[in-house]
Amino acid sequence: MIRKIFSRLLRYYRWLTDRQGYFLARRFGIRIPLFPLVFLPDGFTVQQAGNSGITIVDNFCTRKEADYLIELARPRLQDSRITINNKQIKDDYRTSKTAIVFGPIDQDPAILPLLYRAGMLLGLPHTHVETVFVTRYQGGEYYKAHEDYYEGFDGDRLYTILIYLNDLTEEQGGGTVFEQLNVGVRPKLGRAVIWANQGPDGTQHPESRHEALPVAPGAEKWAVQLWFRNYKMIDVPESAIATPQAKMGQALSGDEELPEGAWAPGDIAADSPYGKAFE
652 MIRKIFSRLL
662 RYYRWLTDRQ
672 GYFLARRFGI
682 RIPLFPLVFL
692 PDGFTVQQAG
702 NSGITIVDNF
712 CTRKEADYLI
722 ELARPRLQDS
732 RITINNKQIK
742 DDYRTSKTAI
752 VFGPIDQDPA
762 ILPLLYRAGM
772 LLGLPHTHVE
782 TVFVTRYQGG
792 EYYKAHEDYY
802 EGFDGDRLYT
812 ILIYLNDLTE
822 EQGGGTVFEQ
832 LNVGVRPKLG
842 RAVIWANQGP
852 DGTQHPESRH
862 EALPVAPGAE
872 KWAVQLWFRN
882 YKMIDVPESA
892 IATPQAKMGQ
902 ALSGDEELPE
912 GAWAPGDIAA
922 DSPYGKAFE
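Right, dumping it as structure tokens:
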């Protein structure tokens, strides 16, 4: 008897708190987390490069996003630098130009979808990203072999996501090579290369050492780097981009290109089980 009474009281308490939460949400609004999947471009594919620890994502960004980043960065380009003894210096070790496109102060909402995708893949909040740079390599320019982590662990760079913003043929060079892992990746518009620089305990991954091969004369390579740490690096106002769930779905017009195994009414026979479902 006591157990039944207790069970009924518990059910009533749950009902009451649910109702209270509903009315509070109606009165004061409710925070709905962003849903990163809606920011994924068509053709987004993830593939591991064997057991190398290198992940390759094609169609990480769209042509429109890539073109936007290039044009945003172009007037801001400055000589690339390297860090030696905590100082930023210009050196022949790295011959390219870079531009800041997103950071603690300059926050372009158009770049946020890239950060949401990156955070989804890494399992980290998008606010853990460092200042975002776009890099341009012209004919003969390169970045010799290097690691993305620093000596000594202080919540350093856990992951790198390198996103190519234009296509280069094999003859045009400009690829990214991980010599110790026997992995090379050719630049392709929208392709992202992901790797870990350090473990959560600070264990460094020296095998992540990589280089940007020289670009052939007359060619140009554009890329954006996302470095993620294990703590918050930037603040991004929630109002910076619309919550995607607020967008209503629209019925297909029949002109859309759908993935294999998905159909619109005009693509299948009217007397098939799928056709009858659309009657």
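Note that the numbering used here has the sequence shown beginning at 652, numbered continuously upward. Ideal Cβ placement from N, Cα and C applies to all residues, glycine included.
Residues sharing a beta bridge with residue 814, DSSP: 843 and 875
Write down the C-beta distance between residue 708 and residue 843 rounded to the nearest angstrom, noting that I regard them as a contact closer than 8 Å. 4 Å
Tell me where the beta strand (DSSP E) around residue 694 begins and ends. From DSSP, residue 694 is part of no beta strand (DSSP E); its letter is neither H nor E.
Segments of 3+ residues assigned as beta strand (DSSP E) that fall wholly inside the stretch 759-812: 783-789 and 794-797
Using DSSP's beta-bridge definition, name the partner residues of residue 745. 794
Mind checking residue 765: buried by the 16 CB within 10 Å criterion, or exposed? buried
What does the alpha-carbon distance come out to for the pair residue 851 and residue 880? 10 Å
With a CB to CB cut of under 6 Å and the five nearest residues on each side skipped, what residues in its chain are close to residue 741? 730 and 732
Alpha helix (DSSP H) segment containing residue 886, residue limits: That residue, residue 886, is in no alpha helix (DSSP H); it is neither H nor E in DSSP.
Starting from the C-beta of residue 840, find all residues in its chain whose C-beta is less than 7 Å away, skip the five residues before and the five after it, and write them out in chain order. 714, 717, 815, 816, 817 and 818
Assuming residue 849 contacts residue 808 under a Cβ cut-off of 8 Å, what Cβ separation, rounded to an integer in Å, is found between them? 7 Å
Is DSSP giving residue 705 helix, strand or coil here? coil
Where does residue 725 land, buried or exposed, given buried means 16+ other C-beta within 10 angstroms? exposed
Where DSSP assigns a beta bridge to residue 730, which residues make up the other side? 748
If you compare alpha carbons, which of 913, 875, 793 and 903 is closest to residue 823? 793
Spell out a yes or no on whether the stretch 824-838 and the stretch 767-778 are touching, meaning 3 or more CB-CB pairs, one atom from each, closer than 8 Å. no
Using 10 angstroms around the beta-carbon of residue 865, count the other beta-carbons present and answer buried if the total reaches 16, otherwise exposed. buried
Spatial neighbours of residue 739 within its chain, please: CB distance less than 7 Å, with the 5 preceding and 5 following residues excluded, ordered by chain position. 732
So residue 845 and residue 885 are in contact, right, with Cβ under 8 Å, and what is the actual spacing, rounded? Their Cβ separation, rounded to whole angstroms, is 20 Å, which puts residue 845 and residue 885 out of contact at 8 Å.
Given this structure, state the Cα-to-Cα distance separating residue 706 from residue 696, to the nearest angstrom. 10 Å
Residue of 786, 847 and 922 minimising C-alpha distance to residue 722: 786
Is residue 769 near residue 719, with beta carbons less than 8 Å apart? no
Does DSSP put residue 700 in a helix, in a strand, or in coil? coil
Residues that DSSP places opposite residue 827 in a beta bridge: 836 and 863
Which residues does DSSP list as the beta-bridge partners of residue 738? 735
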